[in-house]
Amino acid sequence: MNRSPYISDAPSVSMIMLKVLLALVPGIFAYAWIYGGGILVTIALATLTALAAEAALLKIRQRPIKPHLMDLSAVVTAWLLALALPPLAPWWLIVVGTLFAIVIAKQLYGGLGYNPFNPAMVGYAVLLISFPLIMTKWSAPLILAQTKLSFLDQLYFIFNQVLPNDIKVDAITSATPLDYLKTHLKLNQTLSEISQAPIFGVYGAKGGEVVTGAYLLGGLYLIQQRIIGWHLPTAFLGALSAIALVFYVANPEHFASPLFHLTSGASLLCAFFIITDPVSGPTTPRGKLYFAAGVGVLTYLIRVYGGYPDGVAFAVLIMNMCVPLIDAHTQPRVFGHEK
Amino acid sequence: MNAILNFFKPDFLKQKRGVHPPEHKAESTQLPIAKLAMPQKLVLPLRQHIGNMPKILVSVGEHVLKGQLLATPECTVSAAIHAPTSGTILSIADEIIPHPSGLPDKCITLIPDGKDQWANLTMIDWRNAPKEALIASLCTSGIVGLGGATFPTHIKLRSSGKSNIQTLVINAAECEPYITCDDMLMREHAEEIVQGIEIAQYLLGAEKSVIGIEDNKSIAQQAMQAALTGKPISIVTVPTLYPSGDARQLIHLVSGIEIPHDKRATEMGVQVFNVATVRALYRHFTFGEPAINRVVTVTGNVAQPQNFEVLFGTPLTALTQATGGAKPDTTHYIMGGPMMGFDLPTPEVPITKATNCIIAASPHLFAPPPPAMPCIRCARCAEACPIQLQPQELYWFAKSDAFEKARDYKLFDCIECGVCTYVCPSNIPLVQYFRYAKSEVIAADKAKEAADLARERNEFRLARIEREKQERAQKHAERALGTKAEAAKAASAKTDAANEAPTTEAPINSATDEAAKAAKQAAIAAAIERAKAAKAAADATGLAPKNTAPANPAVQQEIAEIDARRKNVGLANTNEAPMTADAEKQAKIAAAIARAKAAKAEAEAAKQAQNLELKE
Chain B
1 MNRSPYISDA
11 PSVSMIMLKV
21 LLALVPGIFA
31 YAWIYGGGIL
41 VTIALATLTA
51 LAAEAALLKI
61 RQRPIKPHLM
71 DLSAVVTAWL
81 LALALPPLAP
91 WWLIVVGTLF
101 AIVIAKQLYG
111 GLGYNPFNPA
121 MVGYAVLLIS
131 FPLIMTKWSA
141 PLILAQTKLS
151 FLDQLYFIFN
161 QVLPNDIKVD
171 AITSATPLDY
181 LKTHLKLNQT
191 LSEISQAPIF
201 GVYGAKGGEV
211 VTGAYLLGGL
221 YLIQQRIIGW
231 HLPTAFLGAL
241 SAIALVFYVA
251 NPEHFASPLF
261 HLTSGASLLC
271 AFFIITDPVS
281 GPTTPRGKLY
291 FAAGVGVLTY
301 LIRVYGGYPD
311 GVAFAVLIMN
321 MCVPLIDAHT
331 QPRVFGHEK
Chain F
1001 MNAILNFFKP
1011 DFLKQKRGVH
1021 PPEHKAESTQ
1031 LPIAKLAMPQ
1041 KLVLPLRQHI
1051 GNMPKILVSV
1061 GEHVLKGQLL
1071 ATPECTVSAA
1081 IHAPTSGTIL
1091 SIADEIIPHP
1101 SGLPDKCITL
1111 IPDGKDQWAN
1121 LTMIDWRNAP
1131 KEALIASLCT
1141 SGIVGLGGAT
1151 FPTHIKLRSS
1161 GKSNIQTLVI
1171 NAAECEPYIT
1181 CDDMLMREHA
1191 EEIVQGIEIA
1201 QYLLGAEKSV
1211 IGIEDNKSIA
1221 QQAMQAALTG
1231 KPISIVTVPT
1241 LYPSGDARQL
1251 IHLVSGIEIP
1261 HDKRATEMGV
1271 QVFNVATVRA
1281 LYRHFTFGEP
1291 AINRVVTVTG
1301 NVAQPQNFEV
1311 LFGTPLTALT
1321 QATGGAKPDT
1331 THYIMGGPMM
1341 GFDLPTPEVP
1351 ITKATNCIIA
1361 ASPHLFAPPP
1371 PAMPCIRCAR
1381 CAEACPIQLQ
1391 PQELYWFAKS
1401 DAFEKARDYK
1411 LFDCIECGVC
1421 TYVCPSNIPL
1431 VQYFRYAKSE
1441 VIAADKAKEA
1451 ADLARERNEF
1461 RLARIEREKQ
1471 ERAQKHAERA
1481 LGTKAEAAKA
1491 ASAKTDAANE
1501 APTTEAPINS
1511 ATDEAAKAAK
1521 QAAIAAAIER
1531 AKAAKAAADA
1541 TGLAPKNTAP
1551 ANPAVQQEIA
1561 EIDARRKNVG
1571 LANTNEAPMT
1581 ADAEKQAKIA
1591 AAIARAKAAK
1601 AEAEAAKQAQ
1611 NLELKE
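Those protein sequence lines, which keep their order, are chains B and F.
Per this note's numbering, the very first residue in the first sequence carries number 1; after that it's consecutive.
Per this note's numbering, the very first residue in the second sequence carries number 1001; after that it's consecutive.
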């Protein structure tokens, strides 16, 4: 019988997912430092929900439960969704989003390897459409907040949506720079006026820049570990910068600089952790470039002209739809064949 | 566009195809090549090469000498089998052979007499002998490609007449882990290899020879370099990256020539020989030795891995004993390397021309793969594939039996090197899927070809029958027309002579009438023919009555009516002519009937023949 090859040298799926989780740790630390420890609660809750939903669905679908829970893919989805949600999002929002991501977007399509859409982004998009008010209300970075909540206060708030006696909700929330920019441009303010607001940091959001930097660190680790390639992040960040630059050069008082777009919102999380989901992305090198560039351009267009402050989730989902087409038309030349 | 991108890409970003598994070559290179003691018996499979089984020349009980021809090649693609030592033929029967199928095949079993007595050998001074004589001598040398493909060597060298070979590539890459037989051969017999290269280059008429060797064999490379001093043969060092020893990969690495998928290397002026094969060439011409032994690596789970010079037919057990025996936890043996080798059905199989390496396997060495997980489309396989295929897509197609799609995605360019499986995080046995898909496509193609052929043959037959029928009908019609016209001419001449035309119109009338009648006759003949054919067809199905001869009452009645009409128009007085015409007509009808009968018989015979064909 021919069973060769007898040897193998590949990280297991679990190991790949574990490294992705590991790469997220600096970002989570930065997040907790800037926005408070509430994110740890959010992540824990999302993780538990994801694992429970995954186990339940695997049982219903009569699939082996243990190997699929051990592959950690559900945990990655949970963490990414948790990091995309606003800090101090209510517990039910986290649960609903995670359930939708795991049950509908992943398991009902056939589980690991079969989902055409990025599960975390499906969960996020559903929440954004269903609960736009909560989803766009971000708690202010601790350094900006008039009142600082303790970890226990945050924990209490996540589960009860009640603040300690003398604190008003407005005191702990603020608009995100992307949101602020959008609303204030409509008020005919110029960029130089808008960027005077305290929520703006050196390039993007005050505090948010730090988290972004931490994501970059994690992303570089993933490239170094050969978990992800350079194609997707480079093409995404390149396309986003390029289109932002064109608009910025044309009218710098109305369009934010490329650096602002790179350091705001979910840009870096998207570049290294979201579009790099192999299951819902393209597989050919050229296809990866087209896919990521498409996400970059769409993200920018949705940010500037769309109805939502950030466009990453919708851009990713739209490009997910194009993946079969991209793959089919970017097949590399086979050895010994003409192009 | 891609070329430009590639040019600006720094080296570390350039995709490295292939893999570099742990080499495990050091174990079996500690000791020199050893000669194995004479085994108790030798089992020689007749099919140790690609192509036809050779014709056996000896019989059971016969005493043979070392190097004596036991079986001579049949047809072009075949190779001879020689006695590896002197002894007696014990049996010629089916034995288990070293093949993935584990099926038995015809083998000659030889009991050595211990004398190891050579037959008369003829040496050839290859530099001064005509090429034809050299090739002819190679035909019965039994030499085949010793790299593993076992393609008869005389065919590869003979092709020089047709295709114009410029480059001879010597495959010394030995890219599979564990295998070191070529490495050791180069270390110890570099001189013989180099002389073998000169022979091959001379026979091919190649302009240059290039030795491709992986950079992990520095001792072998030094030995070769020393043997090459002053010779116009170059060595190209290629990176140690499996599967650089694949012929097309190696050609690309050493010469930059990318062999198109639908062409052979020889069509591009390149021929590839393995180092062991050229050494066999050298020994054949210089000492007259046929192919009776080879160097085999025995490694893995054995006490002392080593290379051995082994006579073909030696039982595997004799070989493992020579290494100090397999360790207790050995589960089975693998022939070939860990990337492309296969499980041997039993340790009793003989060593053949294809056996370059035997690995004793244990769960410790080759752990069974964990259960396969779903494909996560990470495309590691695509990055590693030396052919730049998309294994993740091929897997999807193979799994869903979308074989046509798999073919579109160049399934048949897959060389089954196993690199995709090697790098798969989900432990999917991709190569197995591709082997399965290939066999399914080939089977489907064969079935389709057979069906197409049958349909084509049937269509052709039906067309032929139809054409013959029409031709026959036309011929009858023409003949009927011809005789009728003659008869009519004769008749009208008589009428003219007998009496002056009553009216001026009469002859014209009668002429037109004659013509009309002739046409009618033709129609009748055709009708009869049709009736006959229909009857024949009906007969063939066994439904119609047997006798067809008196099928004419209706026709005869019609003829009678026509005659009556003729009389009515005033031709009655000239009875003679119509009578003659009638007689002729009758004769013709009879003839037509006879012909129709013959046609029927023929049709029936054809039908039967076809039935037989279909049954077959």
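The beta carbon of each residue, even a glycine, is placed where N, CA and C say it ideally should be.
Pair within 7 angstroms by beta-carbon distance, residue i and residue j
i          : j          : result
Pro141(B)  : Gly207(B)  : yes
Ala419(B)  : Val103(B)  : Absent from the structure is residue 419(B), since the part of chain B shown begins at 1 and ends at 339.
Trp1278(F) : Gly1196(F) : Note that residue 1278(F) is Val in the sequence shown, not Trp. Contact flag set, yes.
Arg1187(F) : Ile1219(F) : yes
Ala1518(F) : Ala1485(F) : yes
Val1349(F) : Pro1098(F) : yes
Leu399(B)  : Trp79(B)   : One cannot answer for residue 399(B) here, as it falls past the ends of chain B, which runs 1 to 339.
Ala1173(F) : Gly1212(F) : yes
Lys1532(F) : Ala1596(F) : yes
Pro1617(F) : Glu1095(F) : There is simply no residue 1617(F) to check, as chain F begins at 1001 and stops at 1616 in what is shown.
Ala1291(F) : Ile1143(F) : yes
Val1043(F) : Gly1313(F) : yes
Thr283(B)  : Arg1377(F) : yes
Ile1165(F) : Ala1206(F) : yes
Lys1025(F) : Thr1180(F) : yes
Assigned secondary structure, residue i (DSSP; H/G/I helix, E/B strand, else coil)
i          : result
Gly363(B)  : In the structure displayed, chain B extends from 1 to 339; residue 363(B) sits before or after that span and is not available.
Glu1023(F) : coil
Cys1175(F) : coil
Val1302(F) : strand
Ala266(B)  : coil
Gly1087(F) : strand
Asp1094(F) : strand
Lys1438(F) : helix
Cys1357(F) : strand
Lys19(B)   : helix
Phe1366(F) : coil
Val295(B)  : helix
Beta-bridge partners of residue i, as assigned by DSSP
i          : result
Arg1294(F) : Val1310(F)
Gln1271(F) : Leu1168(F)
Ser174(B)  : Trp138(B)
Tyr180(B)  : None, per the DSSP bridge assignment.
Leu1044(F) : Ile1108(F)
Pro1152(F) : Val1144(F)
Leu1069(F) : His1082(F)
His1063(F) : Thr1088(F)
Phe200(B)  : Ala205(B)
Asn1427(F) : DSSP output for Asn1427(F) lists no bridge partner at all.
Leu1038(F) : Looking at the sequence provided, one finds Met at residue 1038(F) rather than Leu. In the DSSP output, where bridge partners are listed per residue, Met1038(F) has none listed.
Cut-off 8 angstroms between Cβ atoms - residues of its own chain near residue i, not counting five sequence neighbours on either side
i          : result
His1252(F) : Glu1258 and Ile1259
Leu1090(F) : Lys1041, Val1060, Thr1109, Leu1110 and Ile1111
Thr77(B)   : Ala50, Thr98, Ala101, Ile102, Lys106, Pro119, Ala120 and Gly123
Ile16(B)   : Ile227
Residues of its chain near residue i, where Cβ-Cβ distance is below 6 angstroms and the 5 sequence neighbours each way are ignored
i          : result
Arg1017(F) : Pro1386
Val1210(F) : Val1169, Ser1234, Val1236 and Val1254
Ala1318(F) : Pro1039
Ala214(B)  : Pro26, Gly27 and Ala30
Gln1221(F) : Ile1213
Ala1451(F) : none
Asp1113(F) : Ser1086 and Gly1087
Beta-carbon contacts of residue i that lie in its chain and below 7 angstroms, excluding the five residues immediately before and after
i          : result
Gln1225(F) : Ile1235
Pro1369(F) : Asn1427
The ligand ZN heavy atom lying under 6 angstroms from the CB of residue i
i          : result
Thr1180(F) : Of the ligands one can find in the structure shown there are none, so the ligand ZN has no counterpart to examine.
Write down every uninterrupted run of the alpha helix (DSSP H) in the region 73 to 133 of chain B whose length is 4 residues or greater and which is fully enclosed by it, in chain order. 73 to 84, 91 to 99 and 119 to 130
Taking any Cβ of chain D, which residues in the region 1282 to 1295 of chain F have a Cβ under 7 angstroms from it, in chain order? The structure shown contains no chain D; its protein chains are B and F.
Quick one: complete alpha helix (DSSP H) runs, 4+ long, within the region 1200 to 1234 of chain F? 1218 to 1227
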